[in-house]
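Asks: Take the sequence shown: its position 341, counted from the start at 1, is 358 in the working numbering, and no numbers get skipped.
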Amino acid sequence: MRILLIHPNYHSGGAEIAGNWPPAWVAYLSGALKAAGFGNIRFIDAMTDHIDDAALEVLLREERPDAVLCTAITPAIYQAQATLEMVRRLHPEAVTVLGGIHGTFMYGQVLGEAPWIDYIIRGEGEEIVVNLMTALAEGRLPADRGSIRGLAYRDEDGVPFATVPHPPIQDLDALTPDWGILDWDKYIYIPLNCRVAIPNFARGCPFTCSFCSQWKFWRQYRTRDPKQFVDEIELLVREHGVGFFILADEEPTINRKKFVALCEELIARDLGITWGINTRVTDILRDEELLPLYRKAGLVHVSLGTEAAAQLKLDRFNKEIKVEQSKKAIALLRANGIIAEAQFIVGLENETPETLEETYRMAQDWKPDLVNWNCYTPWPFSDLFQELGDKVEVRDYAKYNFVTPIIQPDVMTRDEVLKGVLNNYRRFYIRKATGGYLWDADPYRRKYLRGCLKAYLKSAMERRFYDLGRINYWGQSTVDWKFDESKTTSKEELVRMAQKPEIQHVHGRSSRALPLVNVAGHQLPGDEFIAPRRSTMRPAAARVSAREAAPVEEPPEGIRAC
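#1: Are there 16 or more other CB atoms within 10 angstroms of the CB of Lys471, so buried, or fewer, so exposed?
#2: Around the C-beta of Gly31, are 16 or more other C-beta atoms found within 10 angstroms, so that it is buried, or is it exposed?
#3: Please specify which runs of the beta strand (DSSP E), each continuous and at least 3 residues long, are wholly inside the segment 259-345, giving them in chain order.
#4: Tell me the DSSP bridge mates of Gly36?
#5: Work out the CA separation of Arg162 and Gly322 for me, nearest whole Å.
#6: Hey, out of Asn389, Gln98, Leu466, whose CA is closest to Phe482's CA?
#7: Helix, strand or coil for Ala154, going by three-state DSSP, please let me know.
#8: With distances taken from CA atoms, which of Lys51, Glu141, Ile58, Asp66 is nearest Trp38?
#9: Since I believe Leu252 is in contact with Gly468 (beta carbons under 8 angstroms), could you give me their beta-carbon distance rounded to a whole number of angstroms?
#10: Just checking, does the segment 38-54 make contact with the segment 212-222 on the three C-beta pairs under 8 angstroms criterion?
#11: Within a Cβ cutoff of 7 angstroms, which residues of the same chain sit near Ala380, ignoring the five residues on either side of it in sequence?
#12: Could you tell me which residues DSSP puts in a beta bridge with Gln381?
#13: Quick one: what's got a C-beta closer than 8 angstroms to Met18's C-beta in the same chain, skipping five residues either side?
#14: Return helix, strand or coil for Ala458, following the three-state DSSP convention.
#15: Excluding the five sequence neighbours on either side, which residues of its own chain have a C-beta within less than 6 angstroms of the C-beta of Glu565, listed in chain order?
#16: I'd like to confirm the pairing. Which residues does DSSP put opposite Ala359 in its beta bridges?
#17: Are three or more beta carbon pairs between the segment 398-413 and the segment 367-379 nearer than 8 angstroms?
#18: Under a Cβ-count criterion, where at least 16 other Cβ atoms within 10 Å of its own Cβ denotes burial, should Pro132 be classed as buried or exposed?
#19: Name the residue from Cys280, Tyr465, Ile290 whose alpha carbon lies nearest to the alpha carbon of Pro309.
#20: Out of Asn391, Ala352, Leu485, Pro177, state which residue places its alpha-carbon closest to the alpha-carbon of Asp457.
#21: Quick check: the Cα distance between Pro397 and Gln425, rounded to an integer number of angstroms?
#22: Buried or exposed: which applies to Lys384, given that a residue is buried once 16 or more other Cβ atoms fall within 10 Å of its Cβ?
#23: Return the first residue and the last residue of the alpha helix (DSSP H) that Pro71 is part of.
#24: Determine, using beta carbons only, whether Val2 and Ile290 come nearer to each other than 7 angstroms.
#25: Considering only their Cβ atoms, is the gap separating Glu144 from Tyr45 smaller than 7 angstroms?
#26: Could you check what DSSP says for Asp432 in three-state terms: helix, strand or coil?
#27: What do you get for Arg297, buried or exposed, if any count of 16 or more other CB atoms within 10 angstroms of its CB means buried?
#28: Exposed or buried, which one is Ser164 when buried takes at least 16 other CB atoms within 10 Å?
#29: Can you give me the Cβ contacts of Asn441 inside the same chain, cut-off strictly under 6 angstroms, excluding the 5 residues immediately before and after it?
#30: Straight-line CA distance for Gly167 to Lys504?
#31: Just to check my reading of the structure: Gly315 and Trp292 have Cβ atoms closer than 8 angstroms, yes? What is that Cβ distance to the nearest angstrom?
#32: Buried or exposed: which applies to Ile284, given that a residue is buried once 16 or more other Cβ atoms fall within 10 Å of its Cβ?
#33: Taking the alpha carbon of Ala52 as the reference point, which residue from Asn148, Glu371, Ala63 has its own alpha carbon closest?
#34: Quick one: grab the DSSP three-state call for Ala63.
#35: Tell me the DSSP bridge mates of Ile118?
#36: With respect to the beta strand (DSSP E) encompassing Ile23, which residues constitute its N-terminal and C-terminal limits?
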């Protein structure tokens, strides 16, 4: 059986400015399929190769797939849908499959918009895709599709239908990613000019930040065996020439014992590779005495979930940290030779010029090596989206990319938010370029930070940074955000939604709400949601159990679940 994997051609000018990221989902799914006996697997990386629709059609005409799998994060959903529509037109007999976080939670809407998609894989895909492809190879589809956990599809009446969710994969070490399917010459990390990989050491997150949805997608926090994980890193180094890796984990340091074991194993093998992670401020404070060990193991870059300059906003995000802790964590990282990166989320409804300026002043006070200002992106399946639903007028998911002000602040225009963010970037990095980066006493830090500056300047010169070229921004007073008007809610309808929250706007039309949890995260029979751990930092009255956060409710009208 011939299986084709496609990574859709979507670009936003966000994280990709640092290089081309290898799509790890391809390696994990290909590895699972090959382990199950499916050997004829091909891959088209339309994103990295910038393959437009016309060029993709030429490539697809040369293929004869029995099944085509495509993934989509929220901003890439329309491109993924268009890609699979092209597949259906060129190869009408091929089975079309969509995976990824957006389809997992928004399957009802996706199947309604894109009836040419045969199946949506909901959640972790490795075991589900093997079960689906096995049923296809054995001629058991569509008859047996209802027995395959973790699927969504349109039933005989055209109604979106979800099967019982597949349980989380318990043994992550049993996964066998096929890293050889990727063309590693393409995946270069610009700051170090070397090949980069993005493997998983852990999946899931025990925290429940209100703006995030990863903890809902993975459902349970699980880690790998450190020695087996380093076996994989050694393979990436020796067979594929990888020189830098970034853990794809939401929070790899929460299990300190295993993270320390990972570091000790990397030190023992002396692979000559460096790496980076995203983690929580509180974990860095907890591990103060271990930071020299982490640096010795090759950990050179830590991106901290600082998120906000004001405690009120941190509390709203359920971050469970204090503002002053961020400054100390950054200082500890820098003192141990580790690049410290801070993140700020801006552009909520209560943003003002003063609060935006405060993030810059805070960045100057904290003294991180790198800072990102991310426009709040209201994932339609996050808790904060439910809170702000009547203020989210833009439902054009292609713009849900961290660089577009989706929400219109009460006292600022979107244009003013963009200008404020760019002004913050300009001032911060000019100071770094003319001072800190040039004279850092640590040779490795100096090289790394100069490489980061090169990546920023390159993206700015090419007008990819913050998607400025796409919106044709040259500092003018007004910006054409190029929102799809059919996916934009009027001010009048927002008022009506606030008065009647059960009515939501779904792609240009009023519709009965597709509740954020119900659309794919509702607790179906057999769906064992593993309750995230809650920090004791929050008052008891503010803590909510996972089942309270994701209540068992009936699917919305027009969507069935077994």
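Even for Gly, the Cβ is constructed at its ideal location relative to N, Cα and C.
Predicted model only: the values in this text are computed from it and were never measured.
Replies: Let's see:
#1: For the purposes of this step, residue 471 is taken as the residue at position 454 of the sequence shown. Classified as exposed, Lys471 has fewer than 16 neighbouring CB atoms from the shown chains inside 10 Å of its CB.
#2: As a working mapping, residue 31 is identified with position 14 in the sequence shown. Counting the other CB atoms within 10 Å of its CB gives Gly31 a total of 16 or more, which places it among the buried residues.
#3: Taken in chain order, the complete beta strand (DSSP E) segments of 3 or more residues contained in the segment 259-345 are 259-263, 291-296, 316-324.
#4: Within the sequence shown, numbered from 1, the residue matching residue 36 stands at position 19. As a beta-bridge residue in DSSP terms, Gly36 pairs with Tyr206.
#5: By one-based count along the sequence shown, residue 322 stands at place 305. By one-based count along the sequence shown, residue 162 stands at place 145. Cα-Cα distance, rounded: 41 angstroms.
#6: Residue numbering aside, residue 482 sits at position 465 when the sequence shown is read from its first letter. With distances taken between Cα atoms, Phe482 lies closest to Asn389.
#7: Locating residue 154 in the sequence shown gives position 137, counting from the first residue. Three-state result, Ala154: helix.
#8: The residue given as residue 38 occupies position 21 in the sequence shown. With distances taken between Cα atoms, Trp38 lies closest to Asp66.
#9: Taking the sequence shown and counting its residues from 1, the one referred to as residue 468 is at position 451. Taking the sequence shown and counting its residues from 1, the one referred to as residue 252 is at position 235. Between Leu252 and Gly468 the Cβ distance is about 25 angstroms, and since that is not below 8 angstroms, they are no contact.
#10: Yes: at least three Cβ pairs fall under 8 angstroms.
#11: By 1-based counting over the sequence shown, the position of residue 380 is 363. The residues are Ala359, Val388, Phe445.
#12: Residue numbering aside, residue 381 sits at position 364 when the sequence shown is read from its first letter. As far as DSSP is concerned, Gln381 takes part in no beta bridge.
#13: Counting from one through the sequence shown, the residue named residue 18 turns up at place 1. These residues qualify, in order along the chain: Phe55, Asn57, Asp83, Ala84, Met150, Leu153, Ala154.
#14: On the sequence shown, residue 458 is found 441 positions in, with the first residue counted as 1. Three-state result, Ala458: coil.
#15: Here residue 565 refers to the residue found at position 548 of the sequence shown. Because Glu565 carries a pLDDT of 27, less than 50, the predicted location of this residue cannot be relied on, and the following value inherits that uncertainty. Excluding positions up to five away in sequence, the list is empty.
#16: Mapped onto the sequence shown, residue 359 falls at position 342. Answer by DSSP bridge pairing, in chain order: Leu321, Val388.
#17: The segment 398-413 is not in contact with the segment 367-379.
#18: Walking along the sequence shown from the start, residue 132 turns up at place 115. Classification for Pro132: exposed.
#19: Within the sequence shown, numbered from 1, the residue matching residue 309 stands at position 292. Ranking the options by Cα distance to Pro309, first place goes to Cys280.
#20: Start at 1 with the first residue of the sequence shown, and residue 457 comes out as number 440. The shortest Cα separation from Asp457 among Asn391, Ala352, Leu485, Pro177 belongs to Ala352.
#21: Position 380 of the sequence shown, counted from the start, is the residue given in the question as residue 397. Position 408 of the sequence shown, counted from the start, is the residue given in the question as residue 425. Roughly 16 angstroms between the two C-alpha positions.
#22: The residue labelled residue 384 in the question sits at position 367 within the sequence shown. Within a 10 Å sphere around the beta-carbon of Lys384 sit fewer than 16 other beta-carbons, which makes this residue exposed.
#23: Mapped onto the sequence shown, residue 71 falls at position 54. For the sequence presented, residue 71 should be read as Ala rather than Pro. That run of the alpha helix (DSSP H) goes 70-78.
#24: No statement about residue 2 is possible, as the shown extent of the chain runs from 18 to 579 and does not include it.
#25: Indexing the sequence shown from 1 puts residue 45 at position 28. Indexing the sequence shown from 1 puts residue 144 at position 127. Not a contact, by the Cβ cut-off of 7 angstroms.
#26: Start at 1 with the first residue of the sequence shown, and residue 432 comes out as number 415. Looking at Asp432 - three-state DSSP - the assignment turns out to be helix.
#27: Within the sequence shown, residue 297 is the residue found at index 280, counting from 1. A residue is called buried when at least 16 other Cβ atoms come within 10 angstroms of its Cβ; Arg297 meets this threshold and is buried.
#28: Within the sequence shown, numbered from 1, the residue matching residue 164 stands at position 147. Looking at its Cβ environment, which holds fewer than 16 other Cβ atoms inside 10 Å, Ser164 is exposed.
#29: Taking the first residue of the sequence shown as 1, we reach residue 441 at position 424. Excluding residues within five positions, the ones whose Cβ falls inside 6 angstroms are Tyr377, Trp390.
#30: Position 150 of the sequence shown, counted from the start, is the residue given in the question as residue 167. Position 487 of the sequence shown, counted from the start, is the residue given in the question as residue 504. Gly167 and Lys504: Cα-Cα distance of roughly 28 angstroms.
#31: On the sequence shown, residue 315 is found 298 positions in, with the first residue counted as 1. On the sequence shown, residue 292 is found 275 positions in, with the first residue counted as 1. The beta carbons of Gly315 and Trp292 sit about 6 angstroms from each other, so the pair counts as a contact at 8 angstroms.
#32: Translated into the one-based positions of the sequence shown, residue 284 becomes position 267. By the 10 Å Cβ count, Ile284 comes out exposed.
#33: Within the sequence shown, the letter at position 35 stands for residue 52. Per the C-alpha coordinates, the member of Asn148, Glu371, Ala63 positioned closest to Ala52 is Asn148.
#34: Here residue 63 refers to the residue found at position 46 when the sequence shown is read from its first residue. Assignment of Ala63 by DSSP, reduced to helix, strand and coil, places it in the coil class.
#35: One-based indexing of the sequence shown puts residue 118 at position 101. Bridge partners of Ile118 according to DSSP: none are assigned.
#36: By one-based count along the sequence shown, residue 23 stands at place 6. Where Ile23 is concerned, the enclosing beta strand (DSSP E) starts and stops at 19-24.
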